[in-house]
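Trainee: Same order as they appear, the protein sequences are chains A and B. Just so you know, the numbering used here puts 67 at position 67 of the first sequence, and the rest follows in order with no gaps. Just so you know, the numbering used here puts 37 at position 37 of the second sequence, and the rest follows in order with no gaps. Even glycine gets a Cβ: it sits at the ideal position worked out from N, Cα and C. Just so we're clear, the structure is a prediction, and the values are computed from it rather than from any experiment.
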Amino acid sequence: MFFTLLKKELFIEFRTREITISMIVFGLAIILTFAFSSNVSPMIIVNFAPGMFWIMVLFVTVIGVHRSFAYEKEFDAFSMLISAPIDRGLIFLSKWVSGFIFLTIMELFLLIPFYKFLMIDFPIQPWLALGTTILINLAIMVVASLVSGIAMRARLSEVLLPILLFPLVSPIIISATKISGSIMRGEPYALWDIWLLIILTVIVVFGLVGYTLFDFITEE
Amino acid sequence: MQFFFHNKSNRIWLVIIIGLMIFNIWNIIVNTPMVPDQHWAQKIFYVHVPSAWVGFISYFIVMVSGIMYFIKGDEHWDIVGLAAAEIGTLFISLVLITGPIWATPIWGQPWIWEPRLTTTLVLFLIYIGYFMMRAFGGHAERVKRYAASLGIIAFVDVPIIFVSVKFWAPEIQSHPQVEMTSQPPGILIPFLLSLGIFTVLYWLMLKYRIHVIQVNYKSMADV
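Okay, here's the thing in structure tokens:
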């Protein structure tokens, strides 16, 4: 059933491309804003690039998850979805994994503009950067999907989502910035393993909490 | 429904707690020793730490109420959760006010990204979102479920926030008073006394607030 739900999410997106296109364009706009606001000064950018990247990802995530749940509101599709005889935790898992896929696609498109527009060098260990980015994406999306599941059907959902999400993901943003910064500087794993542990903890804890709570959150 | 202080035992508790709080303030000002390098600024510690203690207990109660609300489906647990969230946020606000007042003479500036203070600030922001959800969320029954789940998520996030902030800026010194057990009895006993008095005060405030919310819910249901 999980794969059916995931297929539904991906099918809708590949037909409309609403989420990925909005995320990519919004991300690009943020990169340009960062470039202008920092005067493309190497002194500023070298120190702040990891932080800028994850702030961009966070903003883009808000757009993505909001859209992902918002189209379920049309024709009250979400009510029909949760009235289906399926484990509602699987709906959460499908939203999480599909959101993760869209976020990763967005990052793949924006990676080159990010490095080139801000005039910074690619990481020395690109595969390590990619692997950790995938884990960080999973962590951001698990919290975002859960919070979006809560805020989506509330009034003022577009305002409540970032207000609730940003403080909750603060450990992820701290860890992500530290990991990316360490990889960019070529530091050994022992110096940043704690941050990876925090990311893994978030994935496991929020994955379990989200799977368990989603059934109650969506109860009618 | 009866007015809360029409009940004799509640009135007695109110008088006892007012007396205890007056005694606590007197005890802190007069009886506690001056710490050499902190002077009067250190006295705020007897209010700051008990406020944090009560605030975190309160948020723990919000989490437990959220779990109970999902298990039992009883509105009473939603009321307990809301009351605890309100009082918890009041005490956490006190922590965020007294923290910088204490920090200014000790650290030379009002704000330092000290792990406990930062975790408190993040938790405070999460709870601002919680109250916004309660106020602007719309559908009353759904909002109760959303609030219950937020209370659970917020408390689950606390240790992760604390660890991440702790390792984020390890060069930042921790609280001026870290090891309470190594403190002389002149500081430890008044501190424990203040902790106890704040806890009793919290208990009465929670009871009162639960009563008020119950009255509000009932009057709304009667309309």
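Tell me whether His-39 (chain B) sits in a helix, a strand or coil according to DSSP, three-state version.
Mentor: If you number the second sequence from 1, residue 39 (chain B) lands on position 39. If DSSP states are grouped into helix, strand and coil, His-39 (chain B) belongs with the strands.
Trainee: In this structure, how does DSSP classify Asp-87 (chain A) when only helix, strand and coil are distinguished?
Mentor: For the purposes of this step, residue 87 (chain A) is taken as the residue at position 87 of the first sequence. Residue state, collapsed to three classes: coil.
Trainee: Between which two residues does the alpha helix (DSSP H) harbouring Trp-54 (chain A) extend?
Mentor: Translated into positions along the first sequence, residue 54 (chain A) becomes position 54. Residues 42-70.
Trainee: Rank B:Trp-203, B:Tyr-208, B:Tyr-59 and B:Ile-87 by C-alpha distance to the C-alpha of Phe-155 (chain B) and give the top, closest one.
Mentor: Taking the second sequence and counting its residues from 1, one reaches residue 155 (chain B) at position 155. Minimum Cα distance to Phe-155 (chain B) is reached at B:Tyr-59.
Trainee: Go through its chain and collect everything with a Cβ distance to Asp-215 (chain A)'s Cβ below 7 Å, but skip five positions before and after it.
Mentor: By 1-based counting over the first sequence, the position of residue 215 (chain A) is 215. Arg-88 and Gly-89.
Trainee: Write down every uninterrupted run of the alpha helix (DSSP H) in the segment 63-131 of chain B whose length is 4 residues or greater and which is fully enclosed by it, in chain order.
Mentor: The qualifying runs are 75-107.
Trainee: From Asn-27 (chain B) to Pro-171 (chain A), what distance separates their C-alpha atoms?
Mentor: By one-based count along the second sequence, residue 27 (chain B) stands at place 27. By one-based count along the first sequence, residue 171 (chain A) stands at place 171. Distance between the alpha carbons of Asn-27 (chain B) and Pro-171 (chain A): 40 Å.
Trainee: Applying the 10 Å Cβ sphere with the 16-neighbour rule, what's the burial state of Ala-84 (chain A)?
Mentor: As a first step, residue 84 (chain A) is located in the first sequence; it is residue number 84 there, counting from the start. Classification of Ala-84 (chain A): exposed, given that the 10 Å Cβ count is below 16.
Trainee: For chain B, check one thing: does any of its Cβ atoms lie closer than 7 Å to the Cβ of Phe-216 (chain A)?
Mentor: For the purposes of this step, residue 216 (chain A) is identified with residue 216 of the first sequence, where counting begins at 1. Among the CB atoms of chain B, one or more fall inside 7 Å of the CB of Phe-216 (chain A).
Trainee: When you compare the CB of Asp-222 (chain B) with every CB in chain A, is at least one pair closer than 7 Å?
Mentor: Translated into positions along the second sequence, residue 222 (chain B) becomes position 222. Closer than 7 Å: no.
Trainee: Under 6 Å Cβ to Cβ from Ser-180 (chain A), same chain only, skipping five residues before and after it: list those, please.
Mentor: As a first step, residue 180 (chain A) must be located in the first sequence, where it is residue number 180. If we look at Ser-180 (chain A) and ignore the five residues flanking it on each side, its Cβ neighbours are Pro-50.
Trainee: Taking only beta carbons into account, state which residues of the segment 8-33 of chain A come closer than 9 Å to chain B, listed in chain order.
Mentor: From the segment 8-33 of chain A, no residue has a Cβ closer than 9 Å to chain B.
Trainee: For Arg-155 (chain A), would you say it is in contact with chain B, using Cβ-to-Cβ distances shorter than 7 Å as the test?
Mentor: Taking the first sequence and counting its residues from 1, the one referred to as residue 155 (chain A) is at position 155. Interface residue, yes.
Trainee: Does Pro-188 (chain A) have its Cβ less than 7 Å from a Cβ in chain B?
Mentor: Within the first sequence, residue 188 (chain A) is the residue found at index 188, counting from 1. Residue contact check for Pro-188 (chain A) against chain B: no CB pair falls below 7 Å.
Trainee: Would you mind telling me which residues of chain A sit closer than 8 Å to Ile-227 (chain B), beta carbon to beta carbon, in chain order?
Mentor: This structure gives no information on residue 227 (chain B), because the portion of chain B shown stretches from 1 to 223.
Trainee: Starting from Ile-203 (chain A), follow the alpha helix (DSSP H) in both directions and report where the run begins and ends.
Mentor: Residue numbering aside, residue 203 (chain A) sits at position 203 when the first sequence is read from its first letter. Where Ile-203 (chain A) is concerned, the enclosing alpha helix (DSSP H) stretches over 193-217.
Trainee: Express the C-alpha separation of Met-184 (chain A) and Pro-126 (chain A) in angstroms, rounding to a whole number.
Mentor: What you label residue 126 (chain A) is simply residue 126 of the first sequence in a count that begins at 1. What you label residue 184 (chain A) is simply residue 184 of the first sequence in a count that begins at 1. When rounded, the distance between both Cα atoms is 9 Å.
Trainee: Taking a Cβ distance cut-off of 8 Å, strictly less, list which residues of the segment 139-156 of chain B are near chain A, in chain order.
Mentor: His-139, Arg-142, Val-143, Arg-145, Tyr-146, Ala-148, Ser-149, Leu-150, Ile-152, Ile-153, Ala-154 and Val-156
Trainee: Can you tell me the Cα-Cα spacing of Leu-160 (chain A) and Gly-129 (chain B), whole angstroms?
Mentor: Counting from 1 along the first sequence, the entry for residue 160 (chain A) is found at position 160. Counting from 1 along the second sequence, the entry for residue 129 (chain B) is found at position 129. Cα to Cα, Leu-160 (chain A) sits roughly 7 Å from Gly-129 (chain B).
Trainee: Does the segment 129-138 of chain A come close enough to the segment 18-35 of chain B that 3 or more CB-CB pairs lie under 8 Å?
Mentor: Contact between the segment 18-35 of chain B and the segment 129-138 of chain A is absent, because fewer than three Cβ pairs lie under 8 Å.
Trainee: Alpha carbon to alpha carbon, how far is Thr-177 (chain A) from Trp-54 (chain A)? Give it in angstroms, no decimals.
Mentor: Indexing the first sequence from 1 puts residue 54 (chain A) at position 54. Indexing the first sequence from 1 puts residue 177 (chain A) at position 177. Here the alpha carbons of Thr-177 (chain A) and Trp-54 (chain A) stand approximately 7 Å from one another.
Trainee: Excluding the 5 residues preceding and the 5 following Met-68 (chain B) in the sequence, name in chain order all residues of the same chain whose CB lies nearer than 7 Å to its CB.
Mentor: Against the second sequence, residue 68 (chain B) aligns to sequence position 68. Taken in chain order, the residues that qualify are Trp-77.
Trainee: By the 7 Å beta-carbon criterion, what residues does the segment 112-126 of chain B contribute toward chain E?
Mentor: As a matter of chain content, chain E is missing from the structure shown, whose protein chains are A and B.
Trainee: Under 7 Å Cβ to Cβ from Phe-2 (chain A), same chain only, skipping five residues before and after it: list those, please.
Mentor: Against the first sequence, residue 2 (chain A) aligns to sequence position 2. Leu-90, Leu-93 and Ser-94, listed in sequence order.
Trainee: Mind checking whether Gly-149 (chain A) and Ile-82 (chain A) have CB atoms under 7 Å apart?
Mentor: As a first step, residue 149 (chain A) must be located in the first sequence, where it is residue number 149. As a first step, residue 82 (chain A) must be located in the first sequence, where it is residue number 82. No. Outside cutoff.
Trainee: For the candidate residues A:Glu-107, A:Ser-79, A:Ile-120 and A:Ile-86, whose alpha-carbon lies nearest to that of Ile-21 (chain A)?
Mentor: Locating residue 21 (chain A) in the first sequence gives position 21, counting from the first residue. Nearest option by C-alpha distance: A:Glu-107.
Trainee: Keeping to the same chain, check which residues put their C-beta closer than 7 Å to that of Glu-86 (chain B); ignore five residues upstream and five downstream.
Mentor: Stepping through the second sequence from its first residue, residue 86 (chain B) is reached at position 86. For Glu-86 (chain B), where only same-chain residues beyond five positions count, the Cβ hits under 7 Å are Arg-209.
Trainee: Write down the C-beta distance between Gly-138 (chain B) and Ala-154 (chain A) rounded to the nearest angstrom, noting that I regard them as a contact closer than 8 Å.
Mentor: Residue 138 (chain B) sits at position 138 when you count from the first residue of the second sequence. Residue 154 (chain A) sits at position 154 when you count from the first residue of the first sequence. Cβ atoms of Gly-138 (chain B) and Ala-154 (chain A) come within 8 Å of each other, at about 6 Å.
Trainee: In chain A, which residues lie with their C-beta within 8 Å of the C-beta of Ile-160 (chain B)?
Mentor: Walking along the second sequence from the start, residue 160 (chain B) turns up at place 160. The contacting residues are Pro-171, Ile-198, Thr-201, Val-202 and Val-205.
Trainee: Report yes if the CB atom of Ala-84 (chain B) is closer than 7 Å to the CB atom of Ile-213 (chain B), and no otherwise.
Mentor: Here residue 84 (chain B) corresponds to residue number 84 of the second sequence, with the count starting at 1. Here residue 213 (chain B) corresponds to residue number 213 of the second sequence, with the count starting at 1. In this structure, Ile-213 (chain B) does not lie closer than 7 Å to Ala-84 (chain B) by Cβ.
Trainee: For Val-95 (chain B), which residues in chain A fall below 7 Å Cβ to Cβ?
Mentor: In the second sequence, counting from the first residue as 1, residue 95 (chain B) sits at position 95. Ordered by position in chain A, no residue passes the 7 Å Cβ test against Val-95 (chain B), which lies about 16 Å from the chain.
Trainee: Using a Cβ-Cβ distance under 7 Å, would Pro-167 (chain A) count as near chain B?
Mentor: Numbered from 1 along the first sequence, position 167 holds the residue referred to as residue 167 (chain A). Yes, Pro-167 (chain A) counts as interfacial toward chain B.
Trainee: Are any of the Cβ atoms in chain B nearer than 7 Å to that of Ile-174 (chain A)?
Mentor: The residue given as residue 174 (chain A) occupies position 174 in the first sequence. Chain B, which has a Cβ nearer than 7 Å to the Cβ of Ile-174 (chain A), makes this yes.
Trainee: Quick one: does Val-65 (chain A) have its CB under 7 Å from some CB of chain B?
Mentor: If you number the first sequence from 1, residue 65 (chain A) lands on position 65. False, the Cβ-Cβ gap to chain B never drops below 7 Å.
Trainee: At the level of alpha carbons, what is the spacing between Gly-151 (chain B) and Gln-2 (chain B)?
Mentor: Position 151 of the second sequence holds residue 151 (chain B). Position 2 of the second sequence holds residue 2 (chain B). Roughly 30 Å between the two C-alpha positions.
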